[in-house]
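Going by UniProt numbering, the sequence shown opens with residue 1, and the numbers climb by one from there.
We treat Cβ as the ideally placed atom computed from N, Cα and C, and that holds for glycine.
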Amino acid sequence: MSGFGVITGLIAVLFGVGARVQDESNLEFESARVRTGRANDFIGERRWSRMDWIARQATPTAAPTVREIARESWHAAYDEFLGSAQVERMIDEWYALDELEESIATASDRDDERFLLAVPAGDAHASDRETADAVGFAHAGSHPDEPPVASLARLYARPPVWGEGVGTALLERVEADLRATCERLRLTVLADNDVGVSFYESRGFDRVATQVSDLEGVDGPGELEEFVYEKQL
Numbered sequence: 001m002s003g004f005g006v007i008t009g010l011i012a013v014l015f016g017v018g019a020r021v022q023d024e025s026n027l028e029f030e031s032a033r034v035r036t037g038r039a040n041d042f043i044g045e046r047r048w049s050r051m052d053w054i055a056r057q058a059t060p061t062a063a064p065t066v067r068e069i070a071r072e073s074w075h076a077a078y079d080e081f082l083g084s085a086q087v088e089r090m091i092d093e094w095y096a097l098d099e100l101e102e103s104i105a106t107a108s109d110r111d112d113e114r115f116l117l118a119v120p121a122g123d124a125h126a127s128d129r130e131t132a133d134a135v136g137f138a139h140a141g142s143h144p145d146e147p148p149v150a151s152l153a154r155l156y157a158r159p160p161v162w163g164e165g166v167g168t169a170l171l172e173r174v175e176a177d178l179r180a181t182c183e184r185l186r187l188t189v190l191a192d193n194d195v196g197v198s199f200y201e202s203r204g205f206d207r208v209a210t211q212v213s214d215l216e217g218v219d220g221p222g223e224l225e226e227f228v229y230e231k232q233l
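Here's what the structure looks like:
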């Protein structure tokens, strides 16, 4: 799987798959939400009139949108750990548009890999509105060293829609699509990320290991403890 193992190692292992931004419990982030999830509420300059989301396969033209969503969610979730400047450097390095386009194209051609976008339900087939209306994305596929295992490498949503079911829509589509080719889905979550831990445990994931990741080359905390989770598909 071209590049997938690298992405898994750098993003899923280091940063817990963005679990912090996928709070479906609607508890911790209530104060951080910006008038979202209600009919005709605004998110920046965008307007949604639905609360339902559909996850569908991304196309390479979505690469700028994916990077935009990643930048928003990384700053919201990781600035306190890494600092804003470090987050910017890592987004520029790990979300280069040409590499994103290649990853999305590769996932489109494989049965054991998915690169998904979450969009309002009414726009599920409106690819021309992909850039304007996408609110989250996920990237998952079979582990390069353990083919029966799928790794959830990336799962992020725009901060204003935290707690609105975007993470659930993406996760359910990942599980459904990879069930035919993989036996288990694996991910990591920062140990002090109570929201992420609660989210995945409430969705049937079992903690199978604890590990420490060394943030080599990153100006920040150095080492971070993480929990490894798995779920039978």
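Select from the options the residue whose C-alpha is nearest the C-alpha of residue i.
i, options, result
"F199", "V149, T106, D109, Y229", "Y229"
"L100", "R67, R110, V149", "R67"
"D133", "L171, F81, T65, L187", "T65"
"L185", "S103, K231, A176", "K231"
"V149", "D109, E172, T181", "T181"
"R154", "R207, L187, V166, P160", "L187"
So residue i and residue j are supposed to be a Cβ contact under 8 Å. How far apart are they, rounded?
i, j, result
"V135", "A107", "Actually they are not in contact, since the Cβ atoms of V135 and A107 sit about 19 Å apart, beyond 8 Å."
"A105", "P60", "5 Å"
"Q57", "L116", "6 Å"
"A191", "F227", "6 Å"
"S103", "R158", "Incorrect: roughly 20 Å between the Cβ atoms, too far for contact."
Indicate the three-state DSSP secondary structure (helix, strand or coil) for residue i in the structure shown.
i, result
"V135", "coil"
"D206", "strand"
"G37", "Note that G37 scores 33 on pLDDT, short of 50, meaning its location in the model is unreliable and no value can be drawn from it."
"W162", "coil"
"P120", "strand"
"D111", "coil"
"V228", "strand"
"Y156", "strand"
"E223", "strand"
"R184", "strand"
Please report the distance separating the alpha-carbon of residue i from that of residue j.
i, j, result
"V189", "R71", "19 Å"
"I54", "A138", "12 Å"
"V121", "D52", "The sequence given here has Ala at residue 121, not Val. Straight-line Cα distance between these residues: approximately 5 Å."
"A76", "S84", "9 Å"
"I91", "E225", "22 Å"
"L233", "A62", "28 Å"
"residue 246", "E223", "Given that the chain is displayed from residue 1 to residue 233, the structure contains no residue 246 and the question cannot be resolved."
"R203", "E88", "31 Å"
"D111", "Q211", "30 Å"
"F205", "L178", "16 Å"
"D79", "D109", "35 Å"
"S213", "L82", "14 Å"
"V174", "A209", "22 Å"
"E164", "L171", "13 Å"
"W162", "I69", "12 Å"
"S49", "A176", "With a pLDDT of 40 at S49, under the threshold of 50, the predicted position of this residue should be treated as unreliable, and no value is reported."
"P147", "R114", "15 Å"
"E93", "E183", "32 Å"
"D98", "R207", "35 Å"
State whether the segment 190-197 contacts the segment 139-152, with contact taken as three or more CB pairs (one from each stretch) at a distance under 8 Å. no
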